[in-house]
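Heads up: the protein sequence lines correspond to chains W and Y, in order.
Residue numbers for the first sequence follow the numbering used here, beginning at 9 and rising by one.
Residue numbers for the second sequence follow the numbering used here, beginning at 2 and rising by one.
Cβ coordinates follow ideal geometry from the N, Cα and C atoms, glycine included.
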Amino acid sequence: MTAVVALDSLLDTRRVWRGQAITSRTAVQPTGNATLDEFLPGGGWPESAISEFLVAATGIGELNLLWPTLARLTTAGERVVLVTPPHRPYPQAWLAAGVDLRWLTIIQAKGRDALWAAEQCLRSGSCAAVLCWPQQADDRALRRLQIAAESGQTLGFVYRSLHEANNPSPAALRLTIEAQPAQLRVIKCRGGLAPGQALPGSAWQ
Amino acid sequence: MLWACILLPQLAMDGILRHRDDAAAPLALLTGPPQRRVLQVVNAAARKLGLKPGQTLIAAQALTHDFATADYNPLMIERWQRFLAAWGYGYSAQVSLHYPRCLLLEVHSSLGLFGPWPRFETRLRKELTALGFRHRITLAPNPAAARILANAHDGLAVTDTATLHQALGVLPIERLGLPREVSTSLVRMGLRYLHQLLALPRDSLARRFPEEVLTQLDTLLGHRPLPLEFYRPPDVFDTRIELNFEVESHQALLFPLRRLTADLAAFLAGRDSGVQRFSLYLEHRTLPDSEVAVGLLSTEREPAMLFELTRGRLEHLQLPAPVLAVRLLACDLPAFTPAHQALFDERPQQNVPWEQLRERLRARLGDDAVVSLSARADHRPEYAWRESSLARTEPLPHVGLRPGWLLSTPQPLREEGLLTLTGPERIESGWWDGADARRDYYRVQTATGQQGWAFRALAGGPLLLHGWFA
């Protein structure tokens, strides 16, 4: 025991949860929205992990949250995969958001195949971000996705219904998006304390 | 140029022996009609029993019964020769089957890659022995001389013309590949060796003997080039494996499948091409063959990947009857361009390239499961997209705010509590192609706080939801 280990670095490894806010902002991807970056505990989307969006209903700005990130990734020539999106992406709107459609791929699959496809894409490491809309995803399936995202070092985004908020999930970041009033809450954030207050919809819609 | 001649003195016998367990057992190959079978070739053990080529089968059986027989099949010899030519193609770009039971390889240009000739020769011999073919190898500056030297020598390497003249000069006349009656009359004239023949004046030789004599002599000495037809690997890969029993499950088909795809990959590597489309045929006893068509989006030749993709498609197939044989046919072999990869990749764990991932997804989910999207210059939302990736993007008309999600079919929207945010925006188009659309679009907010894109046809009707501003 000759080496002196700084206490701060031990604390930063987060072996013990002490309830502090995240201070080191290294392994995150910026969201492209300064207010949102400021609001999220890590300062962005957690890298190589699953972020879960629990959405009250379609059409409340749930894509708006991600468009700046997708635009940044696709213009850099990185692939973004949508696994079983609920509707067809309207190309003009995605182009207007700055997404380069040449790097966008859509995978159509049903049921368990959709989870399999999402896991393959996350694990392969050849995609920068994978968005999926699983129909029935239990804790086990999400854990598989989380591990795949870790091994492939890929950003994973899972859209689920708001009803799932009470169920446990291994995702590194869980956000609820409510419609009335339009607001965003962090209900889980790995290694940090979720902020108590909500972000009003005007900041990101 | 330096030519190596690989003479295969027992091609027919070796081709059959390599499939047998005990190569030392007596074996005779038979030809002739069924009522008069004649021994064509016998191996050393059979010769020891007193069997000779040319003997009838009945005479041979009168001598002994302890020998095995097989058919002497010229087609098989042809096949083995092609097989060896394909093998030789790995060592030289110029492989010729000009002489029967013999391979001619131009090796001078290969020496840089395979080392000096003694080492190269050792390698050739080692591989031929491993393949189970007896052989004699000679090296000479021209192909005809190499072939003739192989008649009398094994392992002789001649690299310059002076030595070649010396080596050829002491060859007996009978071994020169001259027509039989010519060599007989030459020997009767007292000319036993080539150097004696060369000492004669050319004009008298030309007068007394047919034209081939001088031609053959000139070719041997390298004064006259020998036109050779070179072996070219076939343009089609077609291999069939006959199974030993009737196979009813996919699992049992995987082993022959792995062999077929590995063979295909080796074949493609030899040709430096790839494959984009191939078919696997499963042969049944009475039913027509089941076909498993494998189509890839880009050319590939990775054996593991070819196997995995074929397996993925095979598992979807329901076998109508037991399978007797498997055949893999690849007709179209386009050029293969390896994917460009940086030495220091930004993603350290990029273990599956995108192309491979895409093929894997398509193999399991179906060919149409993986699509790209691009915009079309059309105002009507249902015509504003296409499911393909375009290299160039066409100029798009300037449009207002559009929703991120587009519903495939417009749905009726309940109008209670609906709030119109913007609109109307009129879209009126398509009168020329029969899909006329005349609509007023509104951006609306529902009672639950969702923002949608809804329209009402100009002719009247309910408010229909066409998209979500997500």
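{"Asked": "Using 8 Å as the limit for Cβ to Cβ distance, is residue 143 (chain Y) near chain W?", "Found": "no"}
{"Asked": "Grouping DSSP H, G and I as helix and E and B as strand, with all else coil, what is residue 158 (chain W)?", "Found": "helix"}
{"Asked": "Can you tell me where the beta strand (DSSP E) with residue 239 (chain Y) in it begins and where it stops?", "Found": "238-248"}
{"Asked": "Cα separation between residue 297 (chain Y) and residue 361 (chain Y)?", "Found": "10 Å"}
{"Asked": "Residue 134 (chain Y) versus chain W: which residues are under 7 Å apart at the beta carbon?", "Found": "Result: empty, since nearest Cβ-Cβ is about 45 Å, beyond 7 Å."}
{"Asked": "In chain Y, what lies closer than 8 Å to residue 66 (chain W) by C-beta?", "Found": "406, 451, 469, 471"}
{"Asked": "Can you list, in chain order, the stretches of the beta strand (DSSP E) that have 3 or more residues and sit fully within the segment 2-33 of chain Y?", "Found": "4-8, 28-32"}
{"Asked": "So, with DSSP's three-state summary, where would you put residue 127 (chain Y)?", "Found": "helix"}
{"Asked": "For a contact defined as C-beta to C-beta under 7 Å, what are the partners of residue 70 (chain W) on chain Y?", "Found": "471"}
{"Asked": "Tell me which residue opens and which closes the alpha helix (DSSP H) that residue 213 (chain Y) is part of.", "Found": "212-222"}
{"Asked": "Have a look at the DSSP bridge pairing and note the partners of residue 110 (chain Y).", "Found": "In the DSSP output, where bridge partners are listed per residue, residue 110 (chain Y) has none listed."}
{"Asked": "Which runs of the alpha helix (DSSP H) at least 4 residues long sit entirely within the segment 88-147 of chain W? Give them in chain order.", "Found": "99-104, 120-132"}
{"Asked": "For chain W, check one thing: does any of its Cβ atoms lie closer than 8 Å to the Cβ of residue 430 (chain Y)?", "Found": "no"}
{"Asked": "Who are the Cβ neighbours of residue 452 (chain Y) in its own chain at under 6 Å, not counting the five residues just before and after it?", "Found": "446, 470"}
{"Asked": "Mind checking the segment 103-119 of chain W against chain Y and listing, in chain order, the residues whose C-beta falls within less than 8 Å of any C-beta there?", "Found": "103, 104, 105, 109, 110, 112, 113, 114, 115, 116, 117"}
{"Asked": "Across the segment 299-316 of chain Y and the segment 250-264 of chain Y, are there enough close Cβ pairs to call them in contact, namely three or more that are closer than 8 Å?", "Found": "yes"}
{"Asked": "Three-state secondary structure (DSSP) at residue 202 (chain Y)?", "Found": "coil"}
{"Asked": "With DSSP collapsed to three states, give me the class of residue 411 (chain Y).", "Found": "strand"}
{"Asked": "Compute the Euclidean distance between the alpha carbons of residue 33 (chain W) and residue 200 (chain W), then round it to the nearest angstrom.", "Found": "Bear in mind that the predicted position of residue 33 (chain W) carries a pLDDT of just 48, short of 50, making it too unreliable to give a figure here."}
{"Asked": "Opposite residue 387 (chain Y) in the DSSP bridges: which residues?", "Found": "Y:375"}
{"Asked": "Does any C-beta atom of chain W lie closer than 8 Å to the C-beta of residue 339 (chain Y)?", "Found": "no"}
{"Asked": "On the CB-based measure, 16 or more other CB atoms within 10 Å of its CB, does residue 95 (chain Y) come out buried or exposed?", "Found": "buried"}
{"Asked": "Please list, in chain order, all residues of the same chain as residue 45 (chain W) whose beta carbon is under 8 Å from its beta carbon, the five residues on each side excluded.", "Found": "38, 39, 51, 52"}
{"Asked": "Given a threshold of 16 other Cβ atoms within 10 Å of its Cβ, counted over all protein chains shown, does residue 13 (chain W) qualify as buried or as exposed?", "Found": "exposed"}
{"Asked": "Thinking C-alpha only, which one of Y:439, Y:454, Y:47, Y:425 is nearest residue 460 (chain Y)?", "Found": "Y:439"}
{"Asked": "Have a look at the DSSP bridge pairing and note the partners of residue 430 (chain Y).", "Found": "Y:438"}
{"Asked": "For residue 33 (chain W), which three-state DSSP category applies?", "Found": "Any reading at residue 33 (chain W) is ruled out, since the residue's pLDDT is 48, under 50, leaving its predicted position unreliable."}
{"Asked": "Under 8 Å, with one C-beta from each stretch per pair, do the segment 114-134 of chain W and the segment 84-100 of chain W reach the 3-pair mark?", "Found": "yes"}
{"Asked": "What residues are listed by DSSP as bridge partners for residue 456 (chain Y)?", "Found": "Y:442, Y:465"}
{"Asked": "Sorted by chain position, which residues of the same chain lie with C-beta nearer than 8 Å to residue 147 (chain W)'s C-beta, five sequence neighbours on each side aside?", "Found": "175, 176, 177, 178"}
{"Asked": "Counting only C-beta atoms, is residue 33 (chain W) closer than 8 Å to chain Y at any point?", "Found": "Residue confidence for residue 33 (chain W) is low, a pLDDT of 48 falling below 50, so the modelled location carries little weight and cannot support an answer."}
{"Asked": "Under 6 Å Cβ to Cβ from residue 14 (chain Y), same chain only, skipping five residues before and after it: list those, please.", "Found": "42, 44"}
{"Asked": "List, in order along the chain, the chain W residues whose C-beta lies closer than 7 Å to that of residue 362 (chain Y)?", "Found": "115, 125, 128"}
{"Asked": "Using 8 Å as the threshold, is the segment 26-34 of chain Y in touch with the segment 68-81 of chain Y, meaning 3 or more CB pairs across them?", "Found": "yes"}
{"Asked": "Quick check on residue 193 (chain W) - is its C-beta less than 8 Å from some C-beta in chain Y?", "Found": "no"}
{"Asked": "For residue 433 (chain Y), decide whether its Cβ has a neighbour in chain W, counting only Cβ atoms nearer than 8 Å.", "Found": "no"}
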